Amino acid sequence: MAVNIVLPDALGTPVNHTFIPIGPDPKAVFWFEDQSAVSANGNWRISVQLRRPAQAQAGVSSSGRINRASIILHEPVLETLGTSTVSGIPAAPTVAYIPRSFMEFVLPERATLQNRKDLRKMAALLLAETQMIALLENLVTPY
């Protein structure tokens, strides 16, 4: 059963964003949504999907069988529009752009639990590494 995910943002005084489970879409992607935006089209979302290999068959090697776990963080930014239209009706909020983070993990069926633990932990720590912070926040390539 899916539960809320709480993530702080990067403000000087961090604000916690609570992503509530919405459920799967027709493509088996499970969605979580932070419903605190002014307009629903500005809600931040997390999408999660696990793609498994087809059913194993007798006599077929398992060497290329993999699971793919995909996690995407979507953070739409609403366009700043004037206070109202000519008729005095407030302008409808529109999405200006959407920063996204795509994380995909390729997990061979032969991988052990320890292999998967190492990959998850090191991926999280890699995002906190100084060179990766410079790359993502300041657009400075390590060299």
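Each residue of the sequence shown is one higher than the one before, starting from 462 at the first, in our numbering.
Glycine included, each C-beta is placed from N, C-alpha and C at the ideal position.
These numbers were taken from a predicted model, which means no experiment stands behind them.
Outcome for residue i when other beta-carbon atoms lying within 10 angstroms are tallied against a minimum of 16
{"i": "residue 507", "result": "buried"}
{"i": "residue 493", "result": "buried"}
{"i": "residue 563", "result": "exposed"}
{"i": "residue 537", "result": "buried"}
{"i": "residue 486", "result": "exposed"}
Expected contact under 8 Å - CB spacing of residue i and residue j to nearest Å
{"i": "residue 527", "j": "residue 570", "result": "7 Å"}
Nearest residue (CA-CA) to residue i, options the options
{"i": "residue 464", "options": "471, 474, 479", "result": "479"}
{"i": "residue 559", "options": "516, 540, 579, 580", "result": "540"}
{"i": "residue 594", "options": "467, 471, 466", "result": "471"}
{"i": "residue 497", "options": "481, 512, 509", "result": "481"}
Bridge partner(s) assigned by DSSP for residue i
{"i": "residue 506", "result": "494, 535"}
{"i": "residue 525", "result": "In the DSSP output, where bridge partners are listed per residue, residue 525 has none listed."}
{"i": "residue 477", "result": "469"}
{"i": "residue 561", "result": "535"}
Any non-hydrogen atom of the ligand NAP closer than 6 Å to residue i Cβ
{"i": "residue 505", "result": "Annotation note on the ligand NAP: not contained in the displayed structure, which lists no ligands."}
Sequence-distant residues of its chain with Cβ nearer than 8 Å to residue i (five each side left out)
{"i": "residue 499", "result": "539, 554"}
Spatial neighbours of residue i in its chain, beta-carbon cut-off 6 Å, leaving aside the 5 residues before and after
{"i": "residue 418", "result": "Nothing about residue 418 can be reported from this structure: the residues present for the chain run from 462 to 604 only."}
{"i": "residue 502", "result": "556"}
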